[in-house]
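Asks: The structure that follows is given in the form of structure tokens.
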Amino acid sequence: IGITGNFDKEGGNYAVLPSLYFQPRGIATREREFVQVRSFESMAPRIGYDIHPVWCKIIPEAQAMHLPFQIMNSNPYPVRALLGFGINHRMWPGSDFMRESLKKLDFMIAVDLFMTDTTKLADLVLPACSSFEKNDLKIWPSGYAFWTKPAIKPLGESRSDFDIIVALAKKLGLDDNLLFSGQEACIDWVFEPAGCKISDIKNIPEGHVISNGGKPCYEKYKQKGFPTPSGKMEFTSSLLKDEGYDPLPKYFEPRHSPVSSPEIKDNFPLVFTTGARLPMFFHSRTFRLPWTRRLRPEPMADINPKDAMERDISQGDKIVLSTPRSSIMIKANLTEKVSPGVVNMLHGYPDADVNQLIEPDYRDPISGFPGFKSMLCNIEKAPVK
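This is the structure:
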């Protein structure tokens, strides 16, 4: 696209700037300024910056996958307390390692809809409202903005995330007049560049079109350049080069693959993937709903019938799924949806936590993303007792 001169042009690869919640709409907002008041340079280094500097230079966040390591080794500084909204330790590679790191904290607050295995590790649990119990602003790429109304009052002592954050900020003695002025005032401030107020949105239940946001002009890079160190479209990454990586796109084998780790492929000959989910499950949340859980009540590994036949495995048989790190016992689900030589298992089952099979540091060296879909494993029919 860039070489042919078709980037951000009509009929080409049109770049739409993000709006609220980073939806691609192109409406001018002050979301980033609201989220981050202080510059990164004025704060302590982000978690993971020393290990994944490229990620931190591109993404305005810490690399959370490195959190358990920093808790454990206090390098480059100790992490003693944590406030987590919906935190789930089972989402980390080496989930048992993440669990142990959370237990090492001096103090932990967990905010969640339910009591979970992770909230049980916390010193204080704050109940959060569901979307049925609070107002919220929704904006879609079409430009329609909705101010949702709660269907019921908050149950028990639950509060919205916004109210919890404000209450904690006041208890900590923080000085933030905008935050303390309320959710609607904050939204008005964020949307001021678009000339839109929450009052324009909240009284139109069918949705208010933020029309003056409009579509941004083409070839925006002519005025602002590109978000690269050079300000130009780079076909070789100067950022990668400066950090000692190959500046050209290049394929590297995963740490564990038949090519890169031939010493283990005899014992673990199958490619292992996890991280996918069935349509009725959203990570681990809807596992707690009996009507969705009964659609697949037991943890199962998806296996191609060819691989199952070679191992004398039938549908529903108990099998042992193992990696170089650990193993779990589950049931077999024979399906053509996975290719021969591949095993897929859904994450989130507390009774068979598949992420315990992954090494905690099994991450892409540049981005820090876990290698959930690039491992080696073996399956065997479980011995009959």
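In the working numbering, the protein residues as written are 1 to 385. Glycine is no exception: its CB is placed at the ideal position from the N, C-alpha and C atoms. Every value quoted in this text rests on a predicted model; they were computed, and no experiment measured them.
1. In the region 270-318, which residue ranges form an unbroken alpha helix (DSSP H) of at least 4 residues, counting only runs that do not cross its ends?
2. By the three-class DSSP mapping on this structure, what secondary structure does serine 181 have?
3. Give the secondary structure of valine 166 by DSSP, where H, G and I count as helix, E and B as strand, and everything else as coil.
4. Let me make sure I understand the geometry here. Which of Pro324, Thr228, Asp312, Pro290 has the alpha-carbon closest to that of proline 269?
5. Mind checking valine 354: buried by the 16 CB within 10 Å criterion, or exposed?
6. Considering only the alpha carbon of each residue, which of Ser160, Lys138, Pro154, Gly173 lies closest to phenylalanine 191?
7. Under a three-way DSSP split, which group does valine 111 fall into?
8. Taking only the alpha-carbon atoms, compute the straight-line gap between leucine 67 and arginine 294 and give it to the nearest angstrom.
9. Here's the rule: buried if 16 or more other CB atoms are within 10 angstroms of the residue's CB, otherwise exposed. What is glutamine 356?
10. For leucine 278, collect the residues of the same chain with a Cβ closer than 8 Å to its Cβ; drop the 5 residues on either side in sequence, then sort them by chain order.
11. Roughly how far, in whole angstroms, is the beta-carbon of phenylalanine 372 from the beta-carbon of glycine 275, given that I think they are within contact range, below 8 Å?
12. On a Cα-Cα basis, can you pick out the residue from Ser367, Pro258, Ile303 that is closest to leucine 376?
13. For the 8 Å Cβ check, are there 3 or more pairs between the region 70-89 and the region 246-255?
14. Do you know how far the Cα of isoleucine 187 is from the Cα of isoleucine 198?
15. Could you name the residues that DSSP lists as bridge partners for asparagine 13?
16. Enumerated in chain order, which unbroken segments of the alpha helix (DSSP H) with a length of 4 residues or greater are wholly contained in the region 207-254?
17. Compare the C-alpha of isoleucine 51 against each of Asp364, Leu124, Glu380 and name the closest.
18. Three-state secondary structure (DSSP) at isoleucine 139?
19. Sorted by chain position, which residues of the same chain lie with C-beta nearer than 6 Å to isoleucine 328's C-beta, five sequence neighbours on each side aside?
20. State the beta-bridge partners of serine 327 as determined by DSSP.
21. Per the DSSP calculation, tyrosine 144 is bridged to which residue(s)?
Replies: Per the coordinate set shown:
1. Segments of the alpha helix (DSSP H) lying fully in the region 270-318: 290-293, 305-310.
2. If you number the sequence shown from 1, residue 181 lands on position 181. Assignment of serine 181 by DSSP, reduced to helix, strand and coil, places it in the coil class.
3. In the sequence shown, residue 166 corresponds to position 166, counting from 1. Here valine 166 sits in helix by DSSP.
4. Walking along the sequence shown from the start, residue 269 turns up at place 269. Answer by Cα proximity: Pro324.
5. Your numbering for residue 354 matches position 354 in the sequence shown. When all chains shown are included, valine 354 counts as buried.
6. Translated into positions along the sequence shown, residue 191 becomes position 191. Relative to phenylalanine 191, the option among Ser160, Lys138, Pro154, Gly173 whose CA is nearest is Lys138.
7. Here the question's residue 111 lines up with position 111 in the sequence shown. DSSP places valine 111 in strand when its eight states are reduced to three.
8. Locating residue 67 in the sequence shown gives position 67, where the first residue counts as 1. Locating residue 294 in the sequence shown gives position 294, where the first residue counts as 1. The alpha-carbon atoms of leucine 67 and arginine 294 are separated by roughly 34 Å.
9. The count along the sequence shown starts at 1 and reaches residue 356 at position 356. When all chains shown are included, glutamine 356 counts as buried.
10. What you label residue 278 is simply residue 278 of the sequence shown in a count that begins at 1. Scanning its chain for C-beta atoms nearer than 8 Å, with the 5 sequence neighbours on each side dropped, one finds around leucine 278 the residues Leu295, Arg296, Leu346, in chain order.
11. Locating residue 372 in the sequence shown gives position 372, where the first residue counts as 1. Locating residue 275 in the sequence shown gives position 275, where the first residue counts as 1. Going by Cβ atoms, the distance from phenylalanine 372 to glycine 275 rounds to 4 Å, so yes, they are a contact pair.
12. Along the sequence shown, read from residue 1 onward, the residue named residue 376 stands at position 376. Ranked by how close their Cα comes to the Cα of leucine 376, the residues Ser367, Pro258, Ile303 have Pro258 in first place.
13. These segments do not touch.
14. In the sequence shown, residue 198 corresponds to position 198, counting from 1. In the sequence shown, residue 187 corresponds to position 187, counting from 1. Those two C-alpha atoms are separated by around 7 Å.
15. Locating residue 13 in the sequence shown gives position 13, counting from the first residue. Bridge partners of asparagine 13: Phe7.
16. If only uninterrupted alpha helix (DSSP H) runs of at least 4 residues are considered, those enclosed by the region 207-254 are 221-224, 238-242.
17. Position 51 of the sequence shown holds residue 51. Taking only the C-alpha atoms, the option nearest isoleucine 51 is Asp364.
18. The residue given as residue 139 occupies position 139 in the sequence shown. Correct three-state label for isoleucine 139: strand.
19. Locating residue 328 in the sequence shown gives position 328, counting from the first residue. Non-local beta-carbon contacts of isoleucine 328 in its own chain, meaning distances under 6 Å to residues more than five positions away in sequence, involve Leu321, Ala352 in chain order.
20. Working through the sequence shown from its first residue, we reach residue 327 at position 327. DSSP links serine 327 through a beta bridge to Ser322.
21. Here residue 144 refers to the residue found at position 144 when the sequence shown is read from its first residue. Answer is Val209, bridged to tyrosine 144.
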